[in-house]
Amino acid sequence: LAKTTQPISMDSYEGQEVNITCSHNNIATNDYITWYQQFPSQGPRFIIQGYKTKVTNEVASLFIPADRKSSTLSLPRVSLSDTAVYYCLVGGTGGGNKLTFGTGTQLKVEL
Amino acid sequence: DTGVSQNPRHKITKRGQNVTFRCDPISEHNRLYWYRQTLGQGPEFLTYFQNEAQLEKSRLLSDRFSAERPKGSFSTLEIQRTEQGDSAMYLCASSRPGPGGYEQYFGPGTRLTVT
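Chains as they are written, first to last, in the working numbering: chain W, 26 to 136; chain C, -18 to 96.
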């Protein structure tokens, strides 16, 4: 599985856009990029997944450049409730995939 | 609520005792996963079931750990002769059949404390 590198922590203020970048230099051709969010004392929650270019859903956007060696999770207009740990994962989407989590990025949103 | 449920939510046990946790996945999900998470770390894969078949176990999973999913629905994770190093949050997740195994739905976890 491709190794990922992301910042340990980030700080932001309510209403700002937050971009968390993940590096995955050894990503394989059939690997997808997936982001999870985890609040304290809860299990992780799937946010978004993409393969290339841009993917957008109701909570986030995922930007993937042409070389796919990095990706950026964009959270628009964050609120206090977005304070959480965000994990970037890389791997295939075939059935039965175990998830390999790193240490994630602790996002802290303040007033 | 039809999400993944886990019981108990908290378990305190003495070293050397056996403990068993239960996971009830989302009903139409045929895949079920167990993970372990310690403070400050991301979840770590333990084992995976497709229906009742246990298809993969982590090499990190000692022989004291065993998991079952007897009818392809709920699953149990048993830890025998618990050690203090087993203290962690044990997470269960499930996912749908077919492609998209990376979208897993996690339960709230069982926090184990071994004294």
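C-beta: ideal position from N, C-alpha, C; glycine also. Predicted model only: the values in this text are computed from it and were never measured.
TODO: Return the chain-ordered list of same chain residues with a C-beta closer than 7 Å to the C-beta of D107 of chain W, the five sequence neighbours on each side being excluded.
DONE: Position 82 of the first sequence holds residue 107 of chain W. Excluding positions up to five away in sequence, the list reads L100, L132, V134.
Open item on the list: For the segment 91 to 100 of chain W against the segment -2 to 13 of chain C, do three or more pairs of beta-carbon atoms, one drawn from each stretch, fall closer than 8 Å, so that the two count as touching?
Closed with: no
- [ ] Measuring alpha carbon to alpha carbon, tell me which of C:T(-17), C:S(-14), C:Y14, C:T19 ends up nearest L93 of chain C.
- [x] Along the second sequence, read from residue 1 onward, the residue named residue 93 of chain C stands at position 112. The shortest Cα separation from L93 of chain C among C:T(-17), C:S(-14), C:Y14, C:T19 belongs to C:T19.
TODO: Flag this pair as yes or no: are the beta carbons of G68 of chain W and A74 of chain C separated by less than 8 Å?
DONE: Start at 1 with the first residue of the first sequence, and residue 68 of chain W comes out as number 43. Start at 1 with the first residue of the second sequence, and residue 74 of chain C comes out as number 93. Going by C-beta atoms, G68 of chain W is nearer than 8 Å to A74 of chain C.
Task: CB of Q61 of chain C within 8 Å of CB of R50 of chain C, strictly - done: Position 80 of the second sequence, counted from the start, is the residue given in the question as residue 61 of chain C. Position 69 of the second sequence, counted from the start, is the residue given in the question as residue 50 of chain C. No.
TODO: Can you check the segment 8 to 58 of chain C for any beta strand (DSSP E) of at least 3 residues that lies completely inside it and give the ranges in chain order?
DONE: 12 to 18, 25 to 31, 34 to 38, 46 to 49
Task: chain W contacts from the segment 26 to 60 of chain C (Cβ-Cβ distance under 7 Å) - done: F26, Y29, Q31, L36, E37
TODO: Kindly indicate which three-state DSSP category G66 of chain C falls into: helix, strand or coil?
DONE: Locating residue 66 of chain C in the second sequence gives position 85, where the first residue counts as 1. Helix.
- [ ] Give every residue of the same chain whose Cβ lies closer than 6 Å to the Cβ of T96 of chain C, excluding the five residues on either side of it in the sequence, and list them in chain order.
- [x] In the second sequence, the residue the question calls residue 96 of chain C occupies position 115. So the qualifying residues of the chain are K(-5).
- [ ] Would you mind reading off the limits of the beta strand (DSSP E) that contains D107 of chain W?
- [x] Position 82 of the first sequence, counted from the first residue, corresponds to residue 107 of chain W. Per DSSP, D107 of chain W belongs to no beta strand (DSSP E) and is neither H nor E.
- [ ] Anything in chain W within Cβ reach of L72 of chain C, meaning under 9 Å, just list it in chain order.
- [x] As a working mapping, residue 72 of chain C is identified with position 91 in the second sequence. Neighbours of L72 of chain C on chain W, chain order: G68, P69.
Open item on the list: Counting C-beta neighbours from all protein chains within 10 Å, is the total for D67 of chain C 16 or more, i.e. buried, or is it exposed?
Closed with: Working through the second sequence from its first residue, we reach residue 67 of chain C at position 86. Buried is the call here.
Open item on the list: Assuming the contact rule is C-beta atoms closer than 8 Å, Y86 of chain C and Q74 of chain W should be a hit. Round their C-beta distance to whole Å, please.
Closed with: Counted from its first residue, the second sequence places residue 86 of chain C at position 105. Counted from its first residue, the first sequence places residue 74 of chain W at position 49. About 14 Å separates the two Cβ atoms, so there is no contact after all.
- [ ] Please list, in chain order, all residues of the same chain as P89 of chain C whose beta carbon is under 7 Å from its beta carbon, the five residues on each side excluded.
- [x] As a working note, residue 89 of chain C is residue 108 in the second sequence. So the qualifying residues of the chain are Q(-13), R(-10).
TODO: Taking Y57 of chain W and G127 of chain W to be in contact with their CB atoms under 8 Å, please state how far apart those CB atoms are, rounded to whole angstroms.
DONE: The residue labelled residue 57 of chain W in the question sits at position 32 within the first sequence. The residue labelled residue 127 of chain W in the question sits at position 102 within the first sequence. About 16 Å separates the two Cβ atoms, so there is no contact after all.
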